[in-house]
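**Student:** Chains A and B, in that order, are what the protein sequence lines are.
Quick note on numbering that gives the first Met the number 0: the first sequence kicks off at 0 and runs consecutively.
Quick note on numbering that gives the first Met the number 0: the second sequence kicks off at 0 and runs consecutively.
Questions regarding the structure given below will be posed in turn.
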Amino acid sequence: MMRVLAALSGGVDSAVAAARVRDAGHDVTAVHLALSSNPQTFRSGARGCCSLEDSRDARRVADVLGLPYYVWDLAEQFRAEVVDDFVSEYAAGRTPNPCLRCNERIKFAAVLDRAVGLGFDAVCTGHYAQILDGPDGPELHRAVDPDKDQSYVLAVLDRNQIARSLFPLGDSPKAEVRREAAARGILVADKPDSHDICFIADGDTRAFLASRLGERPGHVVDRDGVVLGDHDGAYAFTVGQRKGLGLTVATHDRQPRYVLSIEPTSNVVTVGPREALAVNEIVAERPRWCGTRVGDGEVFAVQFRAHGETVSATVHVDSELLRATLDDPASGVAPGQALVLYDGTRVRGSATITSAR
Amino acid sequence: MAYLDHAATTPMLPAAMAALTKELGEVGNPSSLHAAGRRARRAVEESREAIAAAFGARPSEVVFTAGGTEADNLAVKGLYWSRQKDRPRPRILASSVEHHAVLDPVRWLVEYQGAEVVWLEVDTLGRVDPLQVHEEIARDPGSVALVTVMWANNEVGTVQPVADCAAAAAAFGVPIHSDAVQIAGHLPLDFDASGLDAVTLSGHKLGGPVGVGALLLGRSATPAPLIHGGGQERDVRSGTLDTPSIAGFAAAATEAIDTRAPREATIAALRDELIAGVIEQVPDARLNGDPRLDEAHRLPGNAHLSFPGCEGDSLLMLLDARGVHCSTGSACSAGVAEPSHVLLAMGSSPAEARSSLRFSLGHTSTRADVDELVAVIGPVVERARAARASTASQV
């Protein structure tokens, strides 16, 4: 029997995860993480946590499961480590993934460390991923349900974090989890899935960034530097973006234009044809290994987005940087995104993309 | 199980349960004119007389409410509004350590009604200075709508010099209210002798039911009503009178006062053992509030301690897992423990404020409760310190 701290968001997945761990005979205590210092009263859109309604749902799940329940206030750390980082990354022309950051700094760091300090053996969440025993210890693997697989946002966890994590839903399709929630009498069984950024209440990332960064007007140019339009802030763009470019000059080939690069210092957004997005070489920094470090020159399936396709690549690692040479060109690779290395279903590690060409 | 959170709510006294359940089996609206109504009215009026007798008030000075929070709101907002009739009187003098039931109405009046608040400072023991009350009124007596100073603080247990504050207000004819929820039934409360114009009482803090309270209201005080619809209570409070809760409240108040001195002496002795026992196990634990433990200075059941290097909510969780119930102070609606505004007002840093726990004893407390806490507090504090150290290195 282990002493397990179950993080309850107020949603279905974390509820069923906690129930499964309890049923396996572990001593489970529930916590709801308060990540916003000014929580909304009600859920809005597809946000998964952080409203008072969600914290009540989490409390009721704990009641139904018979678990002691507490709220941990991580609003200050979440603001400093996740929200401020999200804003400064966009300001620097990159496209961050705040869920990875939250897993790295909050859920499997601040929360896990505090839990271990308080005498817990492990933290349990409703993430869809699997931890399987391997010859060198526990390994992080994709979930069996490809639509729900969240291994990408967990690829920042190191061996010690993986060893103290439980993901009881990794072997189940979502539909089965919902059925199980209903059968267990969990009141949130039909609550919608969350998929938006939790700290942007209305889902309008551009407006959120504008409120934090202000208007910073600049030019949208083509690869020759010809001005095609104006923008209110380069932070509102992502490499690979096609819509909302605000071009006022028609392109000579009548083909759509895509964001190729964002230059924060000069505040210039460069656009070009789709084929100009194709990249073969990716450089990424701050590699983190979900177990042993990978060998130089090994081939992996690499993924750039939470639910993106994978591409086969040869990976070279030096002290601080990871370079991936793709077998086939990929497009829409934005600095700031995580490059995640897969070996079959196994997650080997991740690094933050700095450039691609 | 050791229940050490009597200041949050205390078990109902048997006499209160008997009175409450007897009335639950009866029918009759106290405002009805027939025999059933008269029977209910009689129960309400006998309860009113019992509460008046218990707290040194006249029966006509007892206004029943649905709890202490409503009574505080009625006093603060009602007196504020009624004091605007002849001329604008925007200023409210309020202690900076009030319960949210007073703080929030004051803040609301500032935000929506043009009020101006003077937060009365407290010293490191949590006491207001009656001289500041005098000086603030003297600066412009006509502009003060009311003064509100709680009788004793719910978190750190400090008893306020309410009689001196009342004298300062009376010298200028300014009405003064006191939230006495924590002391009613526990310390002597003589409304007539207090010099106060309005005093808040709550049923469930003295062994009565939850959801009933009263505002003791001097006959010259005429707050504007918060709730309109019949004027059942002296035309300042409307709504059908809750006969069962009122009867339970009165029975509890009578018993609490009849047995007060020996009971509170026993509680205070246990409290002293608790403080000594905890400090023996955790030598750097610090007692917050007034170190003079007599009832002129500190609530008999209150022990409020800081544990340097710990998070209060970690301590609470670890103690809860070991069957010991205590409090970190107030929590927001999501259940997040906030650093106490009381400790901040007393000069504590936010980290110090977050490292604190309140243990509060009551009529069912025993030596075994204290022993349970003392047996586990040492390892619990060590564990909470380790947890804080492991997260502090992260952030």
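The C-beta atom is built at its ideal place from N, Cα and C for all residues, glycine as well.
The model shown is predicted, which means the values in this text are computed figures rather than measured ones.
If you draw a straight line from the alpha carbon of histidine 407 of chain B to that of leucine 273 of chain B, how long is it in whole angstroms?
**Tutor:** With chain B covering only 0 through 394, there is no way to say anything about residue 407 of chain B.
**Student:** Looking at the C-beta of valine 394 of chain B, does it have a partner C-beta in chain A at a distance below 8 angstroms?
**Tutor:** Here residue 394 of chain B is taken as the residue at index 395 of the second sequence, counted from 1. Because the pLDDT at valine 394 of chain B is just 39, under 50, the model does not fix this residue reliably, and the point stays unresolved.
**Student:** On the DSSP letters alone, give me the boundaries of the alpha helix (DSSP H) that arginine 345 of chain A sits inside.
**Tutor:** Taking the first residue of the first sequence as position 1, residue 345 of chain A is located at position 346. Careful: arginine 345 of chain A lies outside any alpha helix (DSSP H), inside the beta strand (DSSP E) at 345-355.
**Student:** Going along chain B in order, which residues have a C-beta closer than 9 angstroms to the C-beta of proline 67 of chain A?
**Tutor:** Start at 1 with the first residue of the first sequence, and residue 67 of chain A comes out as number 68. Near proline 67 of chain A (Cβ distances below 9 angstroms), the residues of chain B are Met316, Asp319, Ala320.
**Student:** Could you say if the region 274-289 of chain B and the region 221-241 of chain B meet the contact criterion of at least three C-beta pairs nearer than 8 angstroms?
**Tutor:** no
**Student:** Whole angstroms is fine: what's the gap from glycine 245 of chain A's alpha carbon to glutamate 274 of chain A's?
**Tutor:** Residue 245 of chain A sits at position 246 when you count from the first residue of the first sequence. Residue 274 of chain A sits at position 275 when you count from the first residue of the first sequence. Using only the alpha carbons, I get a separation of about 20 angstroms.
**Student:** Do glycine 172 of chain B and glutamine 280 of chain B have their beta-carbon atoms positioned less than 8 angstroms apart in this structure?
**Tutor:** One-based indexing of the second sequence puts residue 280 of chain B at position 281. One-based indexing of the second sequence puts residue 172 of chain B at position 173. Not closer than 8 angstroms, so no.
**Student:** Determine, for threonine 390 of chain B, whether the minimum Cβ-Cβ distance to residues of chain A falls below 8 angstroms.
**Tutor:** Numbered from 1 along the second sequence, position 391 holds the residue referred to as residue 390 of chain B. Threonine 390 of chain B counts as touching chain A.
**Student:** Across the region 86-95 of chain B and the region 147-162 of chain B, are there enough close Cβ pairs to call them in contact, namely three or more that are closer than 8 angstroms?
**Tutor:** With a cut-off of 8 angstroms, the region 147-162 of chain B and the region 86-95 of chain B count as touching, because enough Cβ pairs lie within range.
**Student:** Please state if the CB of threonine 324 of chain A and the CB of alanine 337 of chain A are separated by a distance shorter than 8 angstroms.
**Tutor:** Here residue 337 of chain A corresponds to residue number 338 of the first sequence, with the count starting at 1. Here residue 324 of chain A corresponds to residue number 325 of the first sequence, with the count starting at 1. Result no, Cβ atoms of alanine 337 of chain A and threonine 324 of chain A do not sit closer than 8 angstroms.
**Student:** Residues bridged to phenylalanine 299 of chain A by DSSP?
**Tutor:** Numbered from its first residue, the first sequence carries residue 299 of chain A at position 300. Paired residues: A/Ala312.
**Student:** Under the DSSP definition of a beta bridge, which residues are partnered with tyrosine 396 of chain B?
**Tutor:** Residue 396 of chain B lies beyond the stretch modelled for chain B, which goes from 0 to 394, so this question has no answer here.
**Student:** Whole angstroms are fine: how far does the CA of arginine 321 of chain B sit from the CA of leucine 304 of chain B?
**Tutor:** On the second sequence, residue 304 of chain B is found 305 positions in, with the first residue counted as 1. On the second sequence, residue 321 of chain B is found 322 positions in, with the first residue counted as 1. Looking at the two C-alpha atoms, the distance is approximately 19 angstroms.
**Student:** Glycine 10 of chain A CB to nearest chain B CB: under 8 angstroms?
**Tutor:** The count along the first sequence starts at 1 and reaches residue 10 of chain A at position 11. So, not an interface residue.
**Student:** Could you check how far apart the C-beta atoms of valine 278 of chain A and proline 334 of chain A are, in whole angstroms? I think they sit under 8 angstroms.
**Tutor:** Taking the first sequence and counting its residues from 1, the one referred to as residue 278 of chain A is at position 279. Taking the first sequence and counting its residues from 1, the one referred to as residue 334 of chain A is at position 335. Actually they are not in contact, since the Cβ atoms of valine 278 of chain A and proline 334 of chain A sit about 11 angstroms apart, beyond 8 angstroms.
**Student:** Check the Cβ-Cβ distances between serine 237 of chain B and every residue of chain A, and say whether any is below 8 angstroms.
**Tutor:** Translated into the one-based positions of the second sequence, residue 237 of chain B becomes position 238. No - not a single Cβ of chain A is within 8 angstroms of the one on serine 237 of chain B.
**Student:** Taking three-plus beta-carbon pairs below 8 angstroms as touching, is the region 21-34 of chain A in contact with the region 49-62 of chain A?
**Tutor:** yes
**Student:** Is tyrosine 403 of chain B buried or exposed, if buried means 16 or more other CB atoms sit within 10 Å of its CB?
**Tutor:** Given that chain B is displayed from residue 0 to residue 394, the structure contains no residue 403 of chain B and the question cannot be resolved.
**Student:** Whose Cβ in chain A lies nearer than 9 angstroms to the Cβ of arginine 382 of chain B?
**Tutor:** The residue labelled residue 382 of chain B in the question sits at position 383 within the second sequence. Within 9 angstroms Cβ-Cβ: Gly116, Leu117, Gly118.
**Student:** What are the partner residues of glutamate 284 of chain A, as DSSP defines its beta bridges?
**Tutor:** Translated into positions along the first sequence, residue 284 of chain A becomes position 285. Paired residue(s): A/Leu320, A/Thr351.
**Student:** Is the Cβ of alanine 15 of chain B closer than 8 angstroms to any Cβ of chain A?
**Tutor:** Here residue 15 of chain B refers to the residue found at position 16 of the second sequence. No - not a single Cβ of chain A is within 8 angstroms of the one on alanine 15 of chain B.
**Student:** Among all the DSSP beta bridges, which residues are the ones paired with alanine 180 of chain A?
**Tutor:** Within the first sequence, residue 180 of chain A is the residue found at index 181, counting from 1. DSSP lists no partner for alanine 180 of chain A.
**Student:** State the Cα-Cα distance for the pair leucine 259 of chain A and leucine 102 of chain B, rounded to the nearest angstrom.
**Tutor:** Here the question's residue 259 of chain A lines up with position 260 in the first sequence. Here the question's residue 102 of chain B lines up with position 103 in the second sequence. Distance between the alpha carbons of leucine 259 of chain A and leucine 102 of chain B: 55 angstroms.
**Student:** Please classify alanine 79 of chain A: is it buried, with 16 or more other beta-carbons within 10 angstroms of its beta-carbon, or exposed?
**Tutor:** By 1-based counting over the first sequence, the position of residue 79 of chain A is 80. Alanine 79 of chain A comes out exposed.
**Student:** Hey, out of B/Glu60, B/Gly125, B/Val105, whose CA is closest to glycine 77 of chain B's CA?
**Tutor:** Mapped onto the second sequence, residue 77 of chain B falls at position 78. Among B/Glu60, B/Gly125, B/Val105, the Cα nearest to that of glycine 77 of chain B belongs to B/Val105.
**Student:** Using the DSSP secondary-structure output, state which residues sit across from phenylalanine 358 of chain B in a beta bridge.
**Tutor:** As a position in the second sequence, residue 358 of chain B is number 359, starting the count at 1. Answer is B/Ala302, bridged to phenylalanine 358 of chain B.
**Student:** Give the list of continuous beta strand (DSSP E) stretches no shorter than 3 residues that lie fully inside the region 191-279 of chain B.
**Tutor:** 197-201, 212-216
**Student:** Would you list, in sequence order, the uninterrupted alpha helix (DSSP H) runs of no fewer than 4 residues that lie entirely inside the region 69-121 of chain B?
**Tutor:** Segments of the alpha helix (DSSP H) lying fully in the region 69-121 of chain B: 78-81, 99-112.
**Student:** With 9 angstroms as the C-beta to C-beta threshold (strictly closer), list the residues of the region 285-312 of chain B near chain A in chain order.
**Tutor:** Glu310, Asp312
**Student:** Are the CB atoms of cysteine 309 of chain B and alanine 383 of chain B within a distance shorter than 8 angstroms?
**Tutor:** Counting from 1 along the second sequence, the entry for residue 383 of chain B is found at position 384. Counting from 1 along the second sequence, the entry for residue 309 of chain B is found at position 310. The answer is yes: Cβ separation under 8 angstroms.
**Student:** Can you list, in chain order, the stretches of the beta strand (DSSP E) that have 3 or more residues and sit fully within the region 183-249 of chain A?
**Tutor:** 217-220, 226-230
**Student:** Using 8 angstroms as the limit for Cβ to Cβ distance, is alanine 385 of chain B near chain A?
**Tutor:** Counting from one through the second sequence, the residue named residue 385 of chain B turns up at place 386. So yes, alanine 385 of chain B belongs to the interface.
**Student:** Check whether the Cβ of aspartate 112 of chain A lies closer than 8 angstroms to any Cβ atom in chain B.
**Tutor:** Counting from one through the first sequence, the residue named residue 112 of chain A turns up at place 113. Yes, contact with chain B.
**Student:** Please return the same chain residues whose Cβ sits closer than 8 angstroms to the Cβ of leucine 315 of chain B, not counting the five positions on each side in sequence.
**Tutor:** Taking the second sequence and counting its residues from 1, one reaches residue 315 of chain B at position 316. The answer, listed in chain order, is Cys325, Ser326, Thr327, Ala336, Leu356.
**Student:** Any contact between the region 202-214 of chain B and the region 242-251 of chain B? By contact I mean 3 or more CB pairs, one from each, below 8 angstroms.
**Tutor:** Taking one beta carbon from each stretch, the region 202-214 of chain B and the region 242-251 of chain B have 3 or more pairs nearer than 8 angstroms; the two touch.
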